[in-house]
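Step one of this worksheet: look at the structure below.
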Amino acid sequence: MLLWVILLLLIAVGVAGGLLGSLAGLGGGVVIVPILVIGLGVPLLEAIGASAVSVLATSTTTGAAYVRDHITDVRIGMFLEIATVPGALLGVTATLVLAKVGLQPLLLFILGVVLLITVLDGVRHRPAGDQPVPADARSLRLHLEGSYLDLHDHREVRYRAGRTNPAFATMFGAGLVSGMFGIGSGALKVTALERFLGLPVKVATATSNFMIGVTVAASSGILLLAGAVNPLLAAPVALGTVTGSFLGSRILPRARNEILRVLFLGAVAALATELVLRGAGVA
Amino acid sequence: MTAEGARAGPTFQLPPEAYGRMASGLRYGLLAAGTLLGVALLFFLSRHSGETFSQALQQNPLRGYLSPGGLGGGLLGGHAEAFLTLGILVLVATPILRVALGAYYFHRAHDATLTRISLTVLVLLVVGIVVLGPLLA
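Protein chains in written order, with my numbering: chain A, 1 to 283; chain B, 1001 to 1137.
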């Protein structure tokens, strides 16, 4: 097929990934890698490289708005990046080494399992954050606390983080998964920020987005220098994903629909199952 | 959110201008990267319009432009591939610049602990990319 036709198709994949990812709250990465691998027959490493670059672009777009609005907790985000960045460095190293020794099927299998877990987490209706969490010695020492203006309730919401140890460990895991597969691991990051640290939902979402950029920059940089980022894949997918995410953030809050969300999660689950089967040598 | 949190005294966040600068840095970085990638992609397409996707995919066009010399020469020679490489480099560098800005503003706020934390993240990022990238190529 001619190059320009495929480039248009890749932009469309990016737009769909960004739009649907923001609808389901999972981010674009979870659909981009499987679509590129299963739908377009792109080698796994280059699909991961393209996804990492597009996640980087998306998180920068949304991250800038959250930082401008003072919802992001820069202090907590910076502290937890000490865990996510080494996790991402280890993850991307593991992927490149496994690919080099011919273990791509194992990577496909693990990616499929990770996506299935992400879908299950998306299906579960978790209670909203703002749960009381006891502050620990580290959070007190580092002053991991802040406030933001809730425009909906017209009040200043103050918070103080706690349970930094499990949050730190979860963030390392999130970085590892993100580095391995070029995805944002936003679900894991929000879990750590909301459930362990006890941050309000809005601060958790904004801070997670803020951290995704730095985490994925680590893996993207290595993938780029290792020759695993092909701009003919990465550039159109990234441009499409940014457009899709932008449209999603503008349009979808009004059109949010539970049935549509479940359908999307079902599609991701089907793609993930296909990856598991391919990895296991069944498909 | 803790009960203590609700009664928290002064917060230890960065000054408002730091948020503005960081947000602007992210926005301008993305704008620069997006413009470079979009224009270079069109330029590349105009020169390789008859090529098939599998032909283009087999030869990663970035390979010759990942060294400073290769990139500089490509940019001066007006090669679309060099501009694509630069676009992706700017995209990768944007969050790293944000960490550096964070370190600067924590330092200005006399917050030694967060300055050290930000610098640690910065060193991990730069050393990780510069050392591991070529090693794993």
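Ideal Cβ placement from N, Cα and C applies to all residues, glycine included. Treat the numbers as computed from the prediction; the structure is a model and nothing was measured.
Supposed close pair isoleucine 6(A), phenylalanine 1083(B) - CB separation, criterion 8 angstroms: Taking C-beta atoms under 8 angstroms as the contact rule, isoleucine 6(A) and phenylalanine 1083(B) fail to qualify, at a distance of about 20 angstroms.
Within-8 angstroms CB hit, glutamate 1051(B) to chain A: Yes - at least one Cβ of chain A is within 8 angstroms of the one on glutamate 1051(B).
Boundaries (first-last residue) of the alpha helix (DSSP H) holding arginine 1021(B): Start and end: 1016-1047.
Simplified DSSP assignment, three categories, for threonine 15(A): A small correction: the amino acid at residue 15(A) is valine; threonine does not occupy that position in the sequence shown. Helix.
Per-residue DSSP class, three states only, for alanine 1003(B): Confidence in alanine 1003(B) is poor, its pLDDT being 38 and thus under 50, which makes the residue's placement too unreliable to answer from.
Rounded C-alpha distance that separates leucine 1114(B) from histidine 1048(B): Histidine 1048(B) has its alpha-carbon roughly 49 angstroms from the corresponding atom of leucine 1114(B).
Exposed unless 16 or more other CB atoms sit within 10 angstroms - verdict on aspartate 73(A): Counting of Cβ neighbours within 10 angstroms places aspartate 73(A) among the buried residues, the total reaching 16 or more.
Any C-beta of chain B under 8 angstroms from that of valine 67(A): At least one C-beta of chain B is nearer than 8 angstroms to the C-beta of valine 67(A).
Any C-beta of chain A under 8 angstroms from that of leucine 1119(B): Leucine 1119(B) does not count as touching chain A.
Neighbourhood of glycine 279(A) by C-beta, 8 angstroms cutoff - its chain only, sequence neighbours within 5 removed: For glycine 279(A), where only same-chain residues beyond five positions count, the Cβ hits under 8 angstroms are Pro105, Leu106, Leu107, Leu108, Phe109, Ile110, Leu111 and Gly112.
For valine 42(A), three-class secondary structure by DSSP: Coil, per DSSP.
Selection of the segment 48-72 of chain A by Cβ proximity to chain B, strictly under 7 angstroms: Residues are counted here when their Cβ sits less than 7 angstroms from a Cβ of chain B; for the segment 48-72 of chain A these are Val53, Leu56, Ala57, Thr60, Thr61, Gly63, Ala64, Val67, Arg68 and His70, given in chain order.
Whole-angstrom C-beta distance between arginine 160(A) and proline 144(A), which should lie under 8 angstroms: Just to set this straight, residue 144(A) is leucine in the shown sequence, not proline. With 8 angstroms as the limit, leucine 144(A) and arginine 160(A) qualify as a contact, their Cβ atoms being about 7 angstroms apart.
Buried/exposed call for valine 1090(B), threshold 16 Cβ in 10 Å: Result: buried.
Nearest-angstrom Cβ-Cβ length linking alanine 235(A) and glycine 1087(B), presumed shorter than 8 angstroms: Between alanine 235(A) and glycine 1087(B), the beta carbon gap of about 7 angstroms places them in contact (Cβ cut-off 8 angstroms).
Neighbour flag for arginine 75(A) against chain B, beta carbons, 8 angstroms: Chain B, which has a Cβ nearer than 8 angstroms to the Cβ of arginine 75(A), makes this yes.
Opening and closing residue of the beta strand (DSSP E) in which arginine 1063(B) lies: First-last for arginine 1063(B): undefined, no H or E at that position.
Cβ neighbour criterion (16 or more within 10 Å) applied to alanine 217(A): Flag for alanine 217(A) reads buried.
Rounded C-alpha distance that separates lysine 202(A) from arginine 158(A): Their backbone Cα atoms lie some 12 angstroms apart in a straight line.
Cutoff 8 angstroms: serine 178(A) Cβ touching any chain B Cβ: Chain B, which has no Cβ nearer than 8 angstroms to the Cβ of serine 178(A), makes this no.
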